[in-house]
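Engineer: Numbering-wise, the sequence shown is residues 1 to 319 according to my numbering. Pasting a structure here, questions to come.
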Amino acid sequence: MAKKKEKQNTPPVEFSKEELIPSVIGIIDDKEKSNWPLIVIFILFIGFVVGLPSITNYLNGENKNNEKITSDEKKPNQTTDDEIEDIQFYNFSETKSVNVEGISFQEFRLEEKQIYFIVTNNSESKNYLVTHKLYLELYDKDKMLLQRIKLPSENLSKGNSQNYSFDLNIAKDQIVQFRLEEKMENDYPAIDLEKENDNTYLLTCTKNEEKITYQFNEEQKLQKITDVFNYSSSKADYSKFLTDYRQMASKYNALEGVTSNIVEVATGFTSTTTIDLSKVDFKDRVIQNTLNNVAYYGKDTEGKVVFFELSAMNYKCSK
């Protein structure tokens, strides 16, 4: 038989009769402001700081690009700041002598239509002026190019001097500064030649009584030269020139690929020389000595070379 559980006596719960007083643990503010605007501003600020160098470089690059003069916008005889950077300029009135690789240029003198100076070779090499293309460039006070003169390709032995004079095509009072610089053919600016109906290209250069026409192929490489020289019978030295050109024509006609004719009329004579460069090798010393004209170039010479160099020899060239 199961035993009956004994009833336990639990003391009664007594409640305090004192009034309850609420205690404040904390206050929750439902109107607390959001921190998102501050976070966004902070992110933008970090992005600006990180990207500041790139922004600066971009703005500087834009300014430089805006300041550059493109080849199409450049004035014919104007040089840019990039072109004259690191170039030695000489004041014309104060410079007594300039040395280039042992070659001394001295006693510069200007007259109304000409410039004069003396070249002395102090180096061991006699052919520096032959193997290097030197240019005398004349500038105004603002370093704007006024005229460029190509120096002759001539041998000059050590200790020897040579007097040079060149025609000026600008007023001598404009010339304030000058510089001497060697140029490579890669330095010459490109030119655009007009295509003829037979798909060839022509370049015509004139100086005094001489008119030379250069014919280029489709790749704008030189193939043919036609040299026309007109001399008036009214000139005092007419007879001498006629004799000299007749002798020259005789020598020219002895070369394969070259024809030279003299036509004399009452008003003077005309010498016409045609050179087929497919048959004439200007590397041949005999050819060089016979066709001794600074305006003659070998086969496949680029048009820019003919244009740049003859322009610096006072030829007027039209494309």
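Glycine included, C-beta positions come from ideal geometry on N, C-alpha and C.
Considering GLY268, what are the terminal residues of the beta strand (DSSP E) in which it resides?
Structural biologist: GLY268 -> beta strand (DSSP E) spans 268 to 276.
Engineer: Enumerate, from N- to C-terminal direction, the unbroken alpha helix (DSSP H) stretches of 4 or more residues contained entirely within the region 222 to 262.
Structural biologist: Listed in chain order, the complete alpha helix (DSSP H) runs (minimum 4 residues) inside the region 222 to 262 are 238 to 252.
Engineer: Taking the alpha helix (DSSP H) that THR131 belongs to, which residues open and close that run?
Structural biologist: Its alpha helix (DSSP H) spans residues 128 to 131.
Engineer: I'd like the list of long-range same chain contacts for ASP300, defined as Cβ closer than 7 angstroms, with 5 residues on each side in sequence excluded.
Structural biologist: Same-chain partners within the cutoff: LYS221 and LEU222.
Engineer: Do the CB positions of ALA249 and SER232 come within less than 9 angstroms of each other?
Structural biologist: Not a contact, by the Cβ cut-off of 9 angstroms.
Engineer: Using beta-carbon positions only, say whether LYS211 and ASN230 come within less than 9 angstroms of one another.
Structural biologist: Against a cut-off of 9 angstroms, the Cβ pair of ASN230 and LYS211 comes out as a contact.
Engineer: Tell me the residue span of the beta strand (DSSP E) that contains ILE149.
Structural biologist: Where ILE149 is concerned, the enclosing beta strand (DSSP E) stretches over 145 to 150.
Engineer: DSSP state of ILE175, grouped into three classes?
Structural biologist: Note: ILE175 maps to coil in three-state DSSP.
Engineer: When the Cβ atoms of the region 124 to 133 are set against those of the region 105 to 113, are three or more pairs found closer than 8 angstroms?
Structural biologist: Because the criterion of three Cβ pairs below 8 angstroms is not met, the region 124 to 133 and the region 105 to 113 do not touch.
Engineer: Give the straight-line distance between the Cα atoms of GLU185 and SER153, rounded to the nearest whole angstrom.
Structural biologist: Using only the alpha carbons, I get a separation of about 15 angstroms.
Engineer: Look at the alpha carbon of GLU124 and the alpha carbon of HIS132, and state the distance between them as a whole number of angstroms.
Structural biologist: So the two alpha carbons sit approximately 15 angstroms from each other.
Engineer: May I ask which residues mark the beginning and end of the beta strand (DSSP E) holding GLN162?
Structural biologist: First-last of the beta strand (DSSP E) with GLN162: 161 to 167.
Engineer: In whole angstroms, give me the CA-to-CA distance for GLU137 and ASN289.
Structural biologist: Computed Cα separation, rounded: 29 angstroms.
Engineer: Just to confirm, are LEU277 and LYS224 a CB contact at a threshold of 9 angstroms?
Structural biologist: In contact: LEU277 and LYS224 (Cβ atoms closer than 9 angstroms).
Engineer: For GLU94, which of helix, strand or coil comes out of DSSP?
Structural biologist: GLU94: coil per DSSP, three-state reduction.
Engineer: Alpha carbon to alpha carbon, how far is ALA312 from GLU256?
Structural biologist: Between ALA312 and GLU256, the C-alpha separation is close to 30 angstroms.
Engineer: What's the gap between the Cα of PHE117 and the Cα of VAL258?
Structural biologist: So the alpha carbons of these two residues sit roughly 37 angstroms apart.
Engineer: Please return the same chain residues whose Cβ sits closer than 6 angstroms to the Cβ of PHE246, not counting the five positions on each side in sequence.
Structural biologist: The residue you asked about is not Phe; residue 246 is Arg in the sequence shown. Excluding residues within five positions, the ones whose Cβ falls inside 6 angstroms are ILE262.
Engineer: Check whether the region 139 to 149 touches the region 168 to 186, taking contact to mean three or more Cβ pairs, one atom from each stretch, closer than 8 angstroms.
Structural biologist: Because the criterion of three Cβ pairs below 8 angstroms is met, the region 139 to 149 and the region 168 to 186 touch.
Engineer: Comparing C-alpha positions only, which one of ALA190, PHE105 and LEU193 sits nearest to GLN162?
Structural biologist: The residue with the shortest Cα to Cα distance from GLN162 is PHE105.
Engineer: Under DSSP, the alpha helix (DSSP H) around LEU310 begins and ends at which residues?
Structural biologist: Its alpha helix (DSSP H) spans residues 303 to 311.
Engineer: Determine, using beta carbons only, whether GLY298 and PHE216 come nearer to each other than 9 angstroms.
Structural biologist: Not a contact, by the Cβ cut-off of 9 angstroms.
Engineer: State yes or no: is the C-beta of LYS319 within less than 9 angstroms of the C-beta of LEU203?
Structural biologist: Yes, the pair counts as a contact, with Cβ atoms nearer than the cut-off.
Engineer: Rank CYS205, GLU264, ASP192 and TYR238 by C-alpha distance to the C-alpha of GLU219 and give the top, closest one.
Structural biologist: Of the candidates CYS205, GLU264, ASP192 and TYR238, the one whose C-alpha sits nearest the C-alpha of GLU219 is ASP192.
Engineer: Applying the criterion that 16 or more other CB atoms from any shown protein chain within 10 Å of the CB defines a buried residue, is ASP227 buried or exposed?
Structural biologist: Label assigned to ASP227: buried.
Engineer: In the DSSP assignment, find the unbroken alpha helix (DSSP H) run with VAL286 in it and report its ends.
Structural biologist: Where VAL286 is concerned, the enclosing alpha helix (DSSP H) stretches over 285 to 290.
Engineer: What's the gap between the Cα of GLY268 and the Cα of SER234?
Structural biologist: Approximately 8 angstroms between the Cα atoms of the pair.
Engineer: Shortest alpha-carbon distance to ILE115 belongs to which of ASN99, LYS141 and GLN174?
Structural biologist: Per the Cα distances, GLN174.
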